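Student:
Number of protein chains: 2
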Amino acid sequence: MPFDIDSLKFNEQGLIPVIVQDVDTGSVLMLAYMNREALEKTLESRETWFWSRSRQKFWHKGETSGNTQKVKEIYYDCDRDTLLVKVTQRGAACHEGYFSCFHNSIESDGQVVTVGEKYFDPEKVYGNTKVIGEK
Amino acid sequence: MPFDIDSLKFNEQGLIPVIVQDVDTGSVLMLAYMNREALEKTLESRETWFWSRSRQKFWHKGETSGNTQKVKEIYYDCDRDTLLVKVTQRGAACHEGYFSCFHNSIESDGQVVTVGEKYFDPEKVYGNTKVIGEK
Chain D
1 MPFDIDSLKF
11 NEQGLIPVIV
21 QDVDTGSVLM
31 LAYMNREALE
41 KTLESRETWF
51 WSRSRQKFWH
61 KGETSGNTQK
71 VKEIYYDCDR
81 DTLLVKVTQR
91 GAACHEGYFS
101 CFHNSIESDG
111 QVVTVGEKYF
121 DPEKVYGNTK
131 VIGEK
Chain F
1001 MPFDIDSLKF
1011 NEQGLIPVIV
1021 QDVDTGSVLM
1031 LAYMNREALE
1041 KTLESRETWF
1051 WSRSRQKFWH
1061 KGETSGNTQK
1071 VKEIYYDCDR
1081 DTLLVKVTQR
1091 GAACHEGYFS
1101 CFHNSIESDG
1111 QVVTVGEKYF
1121 DPEKVYGNTK
1131 VIGEK
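If you're matching them up, the sequences are chains D and F in order. Positions 1 to 135 (the working numbering) are the ones given, in order, by the first sequence. Positions 1001 to 1135 (the working numbering) are the ones given, in order, by the second sequence.
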C-alpha cells in the first residue's frame, strides 16, 4: 500500500508529534513536531526536519550543533496521529549536551536524579545563543 | 532535588504528551496524554493513567483489555513538556492487538508495510465496542 500523507491526522495547528529513537541503543532521544512540509523534507533528505513552534520556522535538527539525525525507519501509529522515527544520532540529541533529552528521572521516592553523561559542553557548541524550547 | 509537578509545562489544554516504552525490549509502545491528575494517579498507583481527549475522561490503560502497564521508570525532558514512561507491558499495548501502536512502517520506497504480529484478536477483547482514538 503506498503511503498517503493525507491519511495522517495533523492537529489543529497542522502539526504531528514525532518521537525520535536511536536505532542502535533504543534510547528515546526527544519529541518534536512536524508539519506536512517538514515530514516531506524528512522523507526526501533522510534527515530530521521539524517545525519549531517557538520560532515558527523549519528546524533542521543539528543545523547549529552539527548533531544531525540520519533517518533509518519511520512508523505511524494506529490512530495515525503520532510518528516514530528511528535514527542514527550524530553526537548527542539534547541541546544541554546529553545523548537523550530525557535525562531527568523521577524516582519512586519523589526525588529527581539526572541520568546520563554529557557528550558536549553546550556553551562551546551554541555559544551565547539561547537554544531552549526549540520544539 | 524533590520532584515538583508544577515545574512541568502542561499545554493550553492542561495536557502533557507521554511516550510509553517497554522497559525490557526498548520498543516504543504508544503516545498518549496525561493531565496533572492522571500523572498523580500514575505516580501513586505505578500503573499508567491518561486523559482521554476523545472521551474527556480518565483512562486507566488496560481497564477494558486487562493489558495494563506497570510503571518502572519515569523521565521528563529538558524542556519539561514531555514525559517518557518505561513500563512492563501486560499482553500488548495496541488496541488493534499488536504489541506496539507503531506497526505501520513507511518504507523508503514509499510503501507502507505492517510490522509485528498480533498478540490478540481485538474483537475477542473489546467485542463490538469501538475503541479507537482513545487518546
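Here a beta-carbon is modelled for each residue, glycine too, at the ideal position from N, C-alpha and C. Given the structure is predicted, the values throughout are model-derived calculations rather than measurements.
Less than 8 Å between the CB atoms is what I'm expecting for Ser100/D and Ser27/D, so what's the real figure, rounded?
Tutor: Locating residue 100/D in the first sequence gives position 100, counting from the first residue. Locating residue 27/D in the first sequence gives position 27, counting from the first residue. About 5 Å separates the two Cβ atoms, so the contact holds.
Student: Keeping to the same chain, check which residues put their C-beta closer than 6 Å to that of Gln111/D; ignore five residues upstream and five downstream.
Tutor: For this step, residue 111/D is matched to residue 111 along the first sequence. Within the same chain, Gln111/D has no close Cβ partners at all.
Student: In this structure, how does DSSP classify Thr88/D when only helix, strand and coil are distinguished?
Tutor: Position 88 of the first sequence, counting from 1, holds the residue named residue 88/D. Note: Thr88/D maps to strand in three-state DSSP.
Student: From Met1030/F to His1103/F, what does the alpha carbon distance come to, in whole angstroms?
Tutor: Start at 1 with the first residue of the second sequence, and residue 1030/F comes out as number 30. Start at 1 with the first residue of the second sequence, and residue 1103/F comes out as number 103. For Met1030/F and His1103/F, the distance between alpha carbons rounds to 10 Å.
Student: Nearest to Glu1047/F by CA position, among Gln1013/F, Phe1120/F, Lys1072/F, is which residue?
Tutor: Residue mapping note: residue 1047/F aligns to position 47 of the second sequence, counting from 1. Of the listed residues, the one whose Cα sits closest to Glu1047/F is Lys1072/F.
Student: Could you check whether the Cβ of Gln21/D sits closer than 7 Å to any Cβ belonging to chain F?
Tutor: Here the question's residue 21/D lines up with position 21 in the first sequence. For Gln21/D, the answer is yes, since a Cβ of chain F falls inside 7 Å of its Cβ.
Student: Relative to the C-alpha of Ser1045/F, which candidate in Pro1002/F, Asp1004/F, Gln1069/F, Gln1056/F has its C-alpha closest?
Tutor: Position 45 of the second sequence, counting from 1, holds the residue named residue 1045/F. Looking at the Cα atoms, Gln1069/F is the closest of the given residues.
Student: For Pro1122/F, would you say it is in contact with chain D, using Cβ-to-Cβ distances shorter than 7 Å as the test?
Tutor: Along the second sequence, one-based indexing puts residue 1122/F at 122. Output row for Pro1122/F: interface = no.
Student: Using the C-alpha atoms, what's the distance from Val115/D back to Glu63/D?
Tutor: Your numbering for residue 63/D matches position 63 in the first sequence. Your numbering for residue 115/D matches position 115 in the first sequence. The alpha-carbon atoms of Glu63/D and Val115/D are separated by roughly 26 Å.
Student: For Thr1048/F, which of helix, strand or coil comes out of DSSP?
Tutor: As a working note, residue 1048/F is residue 48 in the second sequence. If DSSP states are grouped into helix, strand and coil, Thr1048/F belongs with coil.
Student: Going by CA-CA distance only, name the one from Leu39/D, Gly14/D, Gln13/D, Asn67/D that's closest to Leu83/D.
Tutor: The sequence position of residue 83/D within the first sequence is 83, counting from 1. It is Leu39/D.
Student: Going by DSSP in three states, Tyr33/D sits in which element: helix, strand or coil?
Tutor: In the first sequence, counting from the first residue as 1, residue 33/D sits at position 33. Tyr33/D falls in the strand class under three-state DSSP.
Student: Short of 7 Å in beta carbon distance, which residues of its chain neighbour Ile1106/F, apart from the five on each side in sequence? Order them along the chain.
Tutor: Numbered from 1 along the second sequence, position 106 holds the residue referred to as residue 1106/F. Only Val1112 meet the Cβ criterion.
Student: Going by the DSSP bridge assignment, what does His60/D pair with across the sheet?
Tutor: Position 60 of the first sequence, counting from 1, holds the residue named residue 60/D. According to DSSP, His60/D bridges with Trp49/D.
Student: Below 6 Å CB to CB, which residues in the same chain sit around Gly14/D once its five sequence neighbours on both sides are set aside?
Tutor: Position 14 of the first sequence, counted from the start, is the residue given in the question as residue 14/D. So the list reads Asn35, once near-sequence residues are dropped.
Student: Candidates Thr1088/F, Ile1074/F, Tyr1098/F: which alpha carbon is nearest Asp1121/F's?
Tutor: Indexing the second sequence from 1 puts residue 1121/F at position 121. The candidate whose alpha carbon is nearest that of Asp1121/F is Tyr1098/F.
Student: Return the residue from the list Asp109/D, Met1/D, Trp49/D that minimises the CA-CA distance to Val87/D.
Tutor: Along the first sequence, read from residue 1 onward, the residue named residue 87/D stands at position 87. Minimum Cα distance to Val87/D is reached at Trp49/D.
Student: If the cut is a Cβ gap below 7 Å, which residues of chain D does Asn1104/F touch?
Tutor: Here residue 1104/F corresponds to residue number 104 of the second sequence, with the count starting at 1. Residues of chain D passing the Cβ test: Tyr75, Tyr76.
Student: State the start and end residues of the unbroken alpha helix (DSSP H) segment that holds Lys1124/F.
Tutor: Within the second sequence, numbered from 1, the residue matching residue 1124/F stands at position 124. It spans 1122-1126 - the alpha helix (DSSP H) in which Lys1124/F sits, taken as one unbroken run.
Student: Between which two residues does the beta strand (DSSP E) carrying Lys1070/F extend?
Tutor: Here residue 1070/F refers to the residue found at position 70 when the second sequence is read from its first residue. Note, Lys1070/F: beta strand (DSSP E), 1069-1076.
Student: Only counting the same chain, and skipping five residues up and downstream in sequence, which positions put a Cβ closer than 7 Å to that of Arg1080/F?
Tutor: Counting from 1 along the second sequence, the entry for residue 1080/F is found at position 80. Closer than 7 Å at Cβ, skipping near neighbours: Ser1007, Leu1008, Lys1009.
Student: Take Ile74/D and list the residues in its own chain whose beta-carbon comes closer than 6 Å to its own, dropping the five residues that flank it on each side.
Tutor: Counting from one through the first sequence, the residue named residue 74/D turns up at place 74. So the qualifying residues of the chain are Val85.
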